[in-house]
Amino acid sequence: FQKTGSFKIRGAYNKISRLSEEEKKKGVITASAGNHGQAVAFAASSFNMNSIVVVPAGAPIVKIEAIKNYNPKGEVVEYGRSYDEAYEKAIELKESKGYTFIHAYNDEDIINGQATLGMEIIEQLPDVEYIFCPIGGGGLISGISRYVKTKNPEIKVIGVQSENAPSMYHSFKQKKLIKSETRDTICDGIAVKTPGAITFKLINKFVDEILLVSDEEVAKAILVLLERAKTFVEGAGAVSLAAIYFQKLGIQNKKVVAVLSGGNLTPNLLNLIISKGLIKAGRLVKLRTEIPDSPGELLKVLDIIAKEKGNIVSIVHDRLSLDVGYKTTEVILEIETRNQAHIDQICKKLSVHYSVSTLDF
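Rendered as structure tokens:
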């Protein structure tokens with residue numbers, strides 16, 4: 002049940018299904034930077050209802066269009082520069098329109114809807130020992146942890162947040178609600194400044210630990226999922242695997258579930274994550290060399306690279322560069338490689354005849 006590309010539909014559908022007929026006739030409103038807005042629009046459409054989703058100005062076009070497409074009777078309002086400003090606008094519109102506000106996480110019906118994911122985990126893997134779950138506002142992990150702990154208190158539930166948006170982490174550690182500023186992160190779906198009071202209470206009661214991961218670790222997890230599991234996961238959804246992959250808890254030989262909570266990743270960001278990941282893994286390199294400006298010299302360079310099994314992606318041959326002499330030419334190559342050792346081997350072979358240096362992309 003992952004319509005709209007994330008777990009959010011579970012809570013949104015449960016909440017809207019429980020509204021009175023009078024509330025359904027009026028419509029619903031929410032504030033969201035992405036996944037929750039899509040879920041509310043889809044759930045409202047399922048009940049033939051009006052919906053308004055307030056998004057921060059500058060929200061990804063692909064997400065705005067998705068919200069519009071999920072509910073032809075719905076409306077998208079762009080307002081403010083942050084979720085908090087969009088939230089304030091949504092509350093203002095709620096009062097003037099008489100719509101029911103659907104909170105993204107601080108609501109019992111939302112939390113109970115998300116808990117169905119915990120039910121599925123227990124049904125499919127009853128002897129699970131650890132569950133790693135992303136945390137933004139805390140609705141998902143609140144529902145999962147409360148459900149699984151009632152079934153088996155021995156199951157460890159581990160929350161994971163981005164180190165650039167650690168509001169629940171600090172609140173959990175200090176045992177009180179703390180507002181934390183967020184920094185730019187590829188985990189935008191869980192970049193929440195202020196945790197919910199309801200979710201905070203449940204997390205304190207049922208969650209065993211909360212960990213932090215970096216954007217670099219999340220990007221690596223996204224690549225691992227793409228390459229090895231053929232699974233497309235957004236940053237917010239991949240934090241759980243990042244925590245496991247980089248041994249944040251140090252567990253071994255346990256039955257572990259990583260909750261992959263969403264896959265709404267924009268193509269531009271995906272391309273950036275893949276490219277940077279390849280560079281860091283030594284699988285893509287940019288080299289610069291200077292060669293004599295004479296026929297056949299470039300062919301010699303290409304032949305060396307070919308013999309070392311490097312795959313040339315692009316070449317720039319520039320004899321007008323001000324960085325080289327009048328009888329030499331600059332060559333810049335992008336090469337697909339196996340790893341850093343392979344890059345070193347190619348550079349070693351080229352350096353026998355030419356000067357070689359690596360460049361940043």
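Once you know that position 65 of the sequence shown is 66 in this note's numbering, the rest is easy, because the numbers rise by one and skip nothing.
Note that CB positions come from ideal geometry on N, CA and C, so glycine has one too.
Predicted model only: the values in this text are computed from it and were never measured.
Give the C-beta separation of residue i and residue j to the nearest angstrom, bearing in mind that I take them to be a contact with Cβ-Cβ under 8 Å.
i	j	result
residue 284	residue 338	6 Å
residue 159	residue 131	6 Å
residue 161	residue 240	4 Å
residue 16	residue 10	Their Cβ separation, rounded to whole angstroms, is 11 Å, which puts residue 16 and residue 10 out of contact at 8 Å.
residue 72	residue 43	7 Å
residue 54	residue 83	With 8 Å as the limit, residue 54 and residue 83 do not qualify as a contact, their Cβ atoms being about 15 Å apart.
residue 145	residue 114	Between residue 114 and residue 145 the Cβ distance is about 11 Å, and since that is not below 8 Å, they are no contact.
residue 137	residue 237	7 Å
residue 168	residue 181	4 Å
residue 282	residue 340	7 Å
residue 265	residue 35	6 Å
residue 142	residue 208	6 Å
Just the C-alpha distance for residue i and residue j, rounded to the nearest angstrom, thanks.
i	j	result
residue 276	residue 22	50 Å
residue 305	residue 332	14 Å
residue 128	residue 233	27 Å
residue 92	residue 217	36 Å
residue 2	residue 176	Low local confidence applies: a pLDDT of 49 at residue 2 is under 50, so the model's placement there is unreliable, with the coordinate-based value given in what follows. Cα-Cα distance, rounded: 34 Å.
residue 303	residue 122	53 Å
residue 183	residue 189	10 Å
Please list, in chain order, all residues of the same chain as residue i whose beta carbon is under 8 Å from its beta carbon, the five residues on each side excluded.
i	result
residue 280	286, 362
residue 95	30, 101, 102
residue 140	12, 105, 106, 107, 108, 111, 112, 115, 197, 200
residue 353	none
residue 261	226, 232, 234, 238, 239, 241, 242
residue 255	130, 131
Would you mind working out which of the options sits nearest residue i, comparing C-alpha positions?
i	options	result
residue 229	242, 236, 237, 217	242
residue 41	58, 67, 59, 60	67
residue 270	298, 155, 187, 343	187
residue 324	290, 351, 52	290
residue 7	20, 85, 27, 135	135
Can you tell me whether residue i is helix, strand or coil according to DSSP?
i	result
residue 219	helix
residue 323	coil
residue 285	strand
residue 57	coil
residue 360	strand
residue 254	coil
residue 155	coil
residue 100	coil
residue 247	coil
residue 12	helix
residue 343	helix
residue 233	coil
residue 374	Residue 374 lies beyond the range of the chain shown here (2 to 362); nothing can be said about it.
residue 71	helix
residue 366	What is shown of the chain runs 2 to 362, which leaves residue 366 out entirely.
residue 293	strand
Can you give me the Cβ contacts of residue i inside the same chain, cut-off strictly under 7 Å, excluding the 5 residues immediately before and after it?
i	result
residue 65	56, 77
residue 178	172, 196, 198, 201
residue 87	32, 55, 56, 57, 80, 81
residue 298	292
residue 319	330, 331
Leaving aside the five residues before and after residue i along the sequence, list all residues of the same chain whose C-beta is less than 6 Å from its C-beta, in chain order.
i	result
residue 212	161, 244, 249
residue 274	220, 223
residue 300	none
residue 317	333
residue 312	337
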